[in-house]
Amino acid sequence: MHEMSIATQLLALVLRHAEQAKAKRVNRLNLVIGEFSSVVDESLQFYWEMIAKDSIAEHAELHFERVPGRLRCLDCGSCFGMSEYDGQGCPKCHSFSAVIADGDQFKLESIEIEEG
Amino acid sequence: MTKIIQVEENILSANDALAQEIRARLDAAGVFAINLMASPGGGKTSLILRTVEALKSELRLAAIDGDVVPVDVEKIAAQDIPVVLVNTGGSCHLDANMLLPAVERLDLSTIDLLIVENVGNLVCPANFKLGVHANVVIASIPEGDDKPYKYPVMYRGADVLVLNKMDYLAVQEFDLEYFQRGVEALNPGVVFFPLSCRTGEGLEAWYDWLRSKVADHRSSNGRGNKG
């Protein structure tokens, strides 16, 4: 549902960079999305086609690089996925103090454009 | 000729900029603002009503309610405090772009504490910064003790965690330790208030926290009693 407002903000960001580069067309967006960011690829692509219509980014292909969520144990330093942690603590030392080590990205890494 | 342009920017940077704008306005007026998030039925409106009732004689309160129908707004307005409805039109969250016009409709110079009631949803509201001073997540006993494991983003983004409906502990299995471990994992040291809006148990600690935050905020933003 919130992919529509994400698409709106994404378009503004893309157009700003495309205009700076004097692009004729935007062919591709390279997005980096972590597991802890609640975004559905298909949904974002769907809204993108609607929101970006009639802009120079209308036909851009959205490419998603998915980053799995990882936690890091504050006691022994080992890293593990959320499913390994699930209520059991760190799989190595069973500590319950951990922080998110990876998977909270939500960014536009680059765009591929055709120069005018 | 195709070319790759490096961007390396957060997708929600436009929202974040608006959130900063909201924060600047609140701070200039010395308003302390909180964002209440919970699943539907978690007790957002109940907590607001309780809080308004308890604090309206000592603090100047106002509320902004993100919703599709004005039912909750009417309940809050019945308490004689300024309330603005943000009609989210079925959207699943409030974002800074929706909040800013609502903030503009309030006379901030007459407010000490602004309570923003987000849309009832545990999935995405945490992704959209609003510029408020504290994110408060309300969990409740009937929802079950596994929620921190299922909604990590929401629990991680919380500054304050309220565990409502504590009176249900008598009738429902809920492993408090398991719940707290899940919260601690993502958010060590989060401020935690177990309470019940129905019985009133634990509410005093929540009010005290709000009182002290409002007082601190006022003195650090030039509206305190100097001398």
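Those protein sequences? They're chains H and C, same order as listed. The first sequence maps to residues 1 to 116 in our numbering. The second sequence maps to residues 117 to 343 in our numbering. Note that CB positions come from ideal geometry on N, CA and C, so glycine has one too. Fair warning: this is a prediction, and the values are worked out from it, not measured in the lab.
- Looking at the backbone, the Cα of Q88/H and that of H94/H are separated by about 7 Å.
- In the same chain as D275/C, and ignoring 5 residues on each side of it, the C-beta atoms closer than 6 Å to its own belong to A250, N251, in chain order.
- Interface criterion met: the Cβ of I127/C is under 8 Å from a Cβ in chain H.
- With its beta carbon less than 8 Å from one in chain H, D211/C belongs to the interface.
- For F46/H, the uninterrupted alpha helix (DSSP H) segment begins and ends at 41-51.
- Per the coordinates, the alpha-carbon of P198/C lies some 19 Å from the alpha-carbon of R327/C.
- Segment contact: the segment 140-149 of chain C against the segment 217-227 of chain C, three or more CB-CB distances shorter than 8 Å; contact assigned.
- With a threshold of 8 Å between beta carbons, N131/C makes contact with chain H.
- The beta carbon of F96/H lies closer than 7 Å to those of G89 in the same chain, with the five residues before and after it left out.
- Counting the other CB atoms within 10 Å of its CB gives P304/C a total below 16, which places it among the exposed residues.
- Per DSSP, the unbroken alpha helix (DSSP H) holding N213/C starts and ends at 212-220.
- Under the DSSP assignment, L230/C falls in the beta strand (DSSP E) whose first and last residues are 229-233.
- Selection D181/C, I138/C, Y294/C, E293/C evaluated against N234/C yields D181/C as nearest (Cα-Cα).
- Note on geometry: alpha-carbon atoms of K24/H and I51/H lie some 18 Å from one another.
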